[in-house]
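Undergrad: Just passing along the structure, written as structure tokens.
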Amino acid sequence: MVQRLGPPEAAVSTAPYPDTWQRRTRRQSLLQWLWLAGSAAAAVWSVSALDIEWAFFQDAHEQAADLVGRMWPPRWSYLPRIVKPMIDTVHIATLGTMIAIVLSVPVAFLAARNTTANGLTWMIGRFLLVGSRSINTVIWGLLFVAIFGPGALAGVFAVAARSVGFIAKLIAEAIEEVDPGQIEAVRATGAGTLQTWWVAIVPQVMPVLIGTTIYRWDINVRESSVLGFVGAGGIGLLLYASINSFAWSQVIVILFAILVIVLASEALSAWVRKRIS
Amino acid sequence: MTTGSRAAAADAVTRAGEWRAPSLFGGPARRLAFWLAVAAYSTWAVADLNVDWSRLVRGFGRAADILVRMTPPAVGERWHILLSGMLESVQMAIASSLIGIVFALPLGLAAAANLAPRPLYLAARGIIVVGRTFHEVVIAIFFVKLFGFGPVAGLLTLAFSSAVFLGKMLAEDIENMKAGPVEAIRATGAGFWQTVVYAVAPQVLVKTLGVFIYRLDANLRHSTVVGIVGAGGIGATLSASFSRYDYDFASAILLSIAGIVAFGEWFSDWARRKLR
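Going down the list, the protein sequences come from chains A and B. Taken in order, the first sequence gives residues 16 to 292; the numbers are from my numbering. Taken in order, the second sequence gives residues 56 to 331; the numbers are from my numbering.
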């Protein structure tokens, strides 16, 4: 490569040098404005089509002041009553996550291209992934309450049903990216398919499995705090009851308890994930 | 397996030095302790939750029954309810994402430790921490109380949680950006906003757009549940169809939600791949 010492001839332009510097060319800024205008149009369309009752906005600040007035002071004597439901909430999240780990491993092996048996099993695996992930935990809760009746059992299954897809998707991606050399090496010793998976693939995806599971557990604690709204157990039941009976001074106590539990689980999850990575 | 163990038994020398995969727990005692802890916790948790086992058993029968009543999904003359509910959910998702990002920009700037003064930084981080803790459905209750039943409450709920989420991601991107360009622009005598536009924005724009598209997808998912507490969207219709044992309509709604969410996820993946 020849080192150029000066600017190439072609770069010398005869056009007058602009006095002020512009970051974007005219075309670029036009495009940018078009994007902004398009986004604004989308926002206007979405908002106007929603049929918003603007009258509600007029007294919103009064409602807010009213709410704060009713919430304060918090009824701290209510705290002992919510300890058990709070523990239940964590149990729902943890048991649901535990069931999800057990179920997600086979689903992940079905949904990963390099371990699935054939096109049909891959389709089944993908279908399970998409189905589990597309339905929100609360909606799974509705379904399981219809099946098992109201209670924590429905909550555990709802958490598990939503988490299977989440965990399995990330494991399946990890399985597709494993180092093929190890699989080949283990297979060369005469290992069968299951032995190969157990010795060559599982150890490689283990960090992803643990990290994803703990991350999901932390999300599940948050999700299980509202499962009670559809009757699936946990603190949500009391929260909903307190709101419906306008007991706002209890609501704030419950919200405070949820804040503490969620922050604690988030900190625990972040600490464990930092340690294993 | 059997041939392997037979060969190992035949050869005592091999057996003595039999290879085992290194354990995840760093020793058999720890592994035992781990599984004992898991078993103990599960027993405690299940006992604490008062699980009614007979209900579990009966539930499987009922699940089969519900599944039969769900197939085939039927819409009948209620298709306009389904359509308007879904449309409302989609509109809520789009509008709330756009409103969310407008509020996320100042929040993200205020929550970046390297740009904002300390008190502002702490205030913005406080909003982010508290806002992220509560589930969308809990926030929706408050907006329903303030603005009445309907999509306004859902729209504001999703806009609020999007602003908090996008603000947090933006703040982290700003904190992780390169300091060089900022210094260079500052050295030209640029003020704060000029620095933001010419040094910060170019560094974080692409990533923020990616996070925005991700959030659009997440809002689509959440917009299907806030209806359960009366904040608009398809959730209310779904909840009502379950409580009326209207299972064939419920399965039609579930399939529509799954379809649109799967499409949203595909679109989000595609758009983010294009950005990179």
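Beta carbons: idealized from backbone N, C-alpha and C, even for Gly. Quantities reported herein were computed from a predicted structural model and do not represent experimental measurements.
Can you give me the Cβ contacts of Pro-128 (chain B) inside the same chain, cut-off strictly under 7 Å, excluding the 5 residues immediately before and after it?
TA: Correct list, in chain order: Asp-303, Ser-306, Ala-307, Leu-310.
Undergrad: 8 Å is my cut-off, CB to CB: does Val-259 (chain B) come that close to chain A?
TA: So, not an interface residue.
Undergrad: Using a Cβ-Cβ cutoff of less than 7 Å, which residues in the same chain neighbour Ser-278 (chain B) once the five nearest sequence positions on both sides are dropped?
TA: If we look at Ser-278 (chain B) and ignore the five residues flanking it on each side, its Cβ neighbours are Ser-144, Met-147, Ala-148, Gly-209, Leu-213, Gly-288.
Undergrad: For Gly-249 (chain A), which three-state DSSP category applies?
TA: The answer is coil: DSSP assigns Gly-249 (chain A) none of H, G, I, E or B.
Undergrad: Taking 8 Å as the threshold, find out whether the stretch 252-266 of chain B comes into contact with the stretch 116-136 of chain A through three or more Cβ pairs.
TA: The stretch 252-266 of chain B, when compared against the stretch 116-136 of chain A, does not touch it at the 8 Å Cβ threshold.
Undergrad: So what does DSSP say about Tyr-176 (chain B), is it helix, strand or coil?
TA: Of the three classes helix, strand and coil, the one that applies to Tyr-176 (chain B) here is helix, per DSSP.
Undergrad: So, does the CB of Thr-154 (chain A) fall closer than 8 Å to a CB anywhere in chain B?
TA: One detail in the question is off: residue 154 (chain A) reads as Ile in this sequence, not Thr. Closer than 8 Å to some Cβ of chain B, the Cβ of Ile-154 (chain A) qualifies, so yes.
Undergrad: Could you spell out the range, first to last residue, of the alpha helix (DSSP H) harbouring Arg-328 (chain B)?
TA: That run of the alpha helix (DSSP H) goes 302-330.
Undergrad: May I have a chain-ordered list of the alpha helix (DSSP H) segments no shorter than 4 residues that lie completely inside the stretch 103-139 of chain B?
TA: Runs of the alpha helix (DSSP H) inside the stretch 103-139 of chain B: 108-125.
Undergrad: Along the stretch 229-257 of chain A, what residues have a CB closer than 9 Å to any CB found in chain B?
TA: Under the 9 Å Cβ criterion, the stretch 229-257 of chain A contributes Arg-237, Glu-238, Ser-240, Val-241, Phe-244, Val-245, Gly-248, Gly-251, Leu-254, Tyr-255.
Undergrad: Can you give me, in chain order, the residues of the stretch 109-121 of chain A that have a beta carbon less than 8 Å from any beta carbon in chain B?
TA: Answer in chain order: Thr-109, Leu-110, Met-113.
Undergrad: Report the rounded CA-to-CA distance for Ser-60 (chain B) versus Ala-203 (chain A), giving the unit in angstroms.
TA: Confidence at Ser-60 (chain B) is low in this model, with a pLDDT of 48, below 50, so the placement of that residue should be treated as unreliable; the coordinate-derived value is given next. Rounded to the nearest angstrom, the two C-alpha atoms are 18 Å apart.
Undergrad: State yes or no: is the beta carbon of Ser-294 (chain B) nearer than 8 Å to at least one beta carbon in chain A?
TA: Interface residue, yes.
Undergrad: Please classify Thr-263 (chain B): does DSSP put it in a helix, a strand, or coil?
TA: DSSP places Thr-263 (chain B) in helix when its eight states are reduced to three.
Undergrad: Going by Cα to Cα distance, which pick from A:Phe-159, A:Val-214, A:Val-174 is closest to Arg-113 (chain B)?
TA: The shortest C-alpha separation from Arg-113 (chain B) is found at A:Phe-159.
Undergrad: Would you kindly work out how many angstroms separate the C-alpha atoms of Glu-320 (chain B) and Arg-276 (chain B), rounded to a whole number?
TA: Their backbone Cα atoms lie some 10 Å apart in a straight line.
Undergrad: Counting only Cβ-Cβ distances shorter than 8 Å, please list the residues of the stretch 184-206 of chain B near chain A, keeping chain order.
TA: Listed by position along the chain: Val-184, Val-185, Thr-188, Phe-189, His-190, Val-192, Val-193, Ile-196, Phe-197, Lys-200, Leu-201, Phe-202, Gly-203, Gly-205, Pro-206.
Undergrad: For Glu-191 (chain A) and Ala-200 (chain A), I'd like the C-alpha separation in whole angstroms.
TA: Taking the straight line from one Cα to the other gives about 17 Å.
Undergrad: When you compare only the Cα positions, how much space is there between Ile-136 (chain B) and Ala-239 (chain B)?
TA: About 57 Å.
Undergrad: In angstroms with no decimal places, state the Cα-to-Cα distance between Ala-317 (chain B) and Ala-226 (chain B).
TA: In a straight line, the C-alpha of Ala-317 (chain B) is about 29 Å away from that of Ala-226 (chain B).
Undergrad: When you compare each of B:Ile-121, B:Leu-170, B:Ile-156 to Ile-162 (chain A) by their alpha carbons, which one comes out closest?
TA: Nearest of B:Ile-121, B:Leu-170, B:Ile-156 to Ile-162 (chain A), Cα basis: B:Ile-121.
Undergrad: What number of angstroms, rounded off, separates the C-alpha of Gly-285 (chain B) from the C-alpha of Ser-139 (chain B)?
TA: Whole-angstrom Cα-Cα distance: 15 Å.
Undergrad: Just curious, the alpha helix (DSSP H) that Gln-37 (chain A) is in, first and last residue?
TA: Note, Gln-37 (chain A): premise wrong, no alpha helix (DSSP H); not H, not E.
Undergrad: Check Ile-150 (chain A) in the structure and name its three-state DSSP category.
TA: Ile-150 (chain A): coil per DSSP, three-state reduction.
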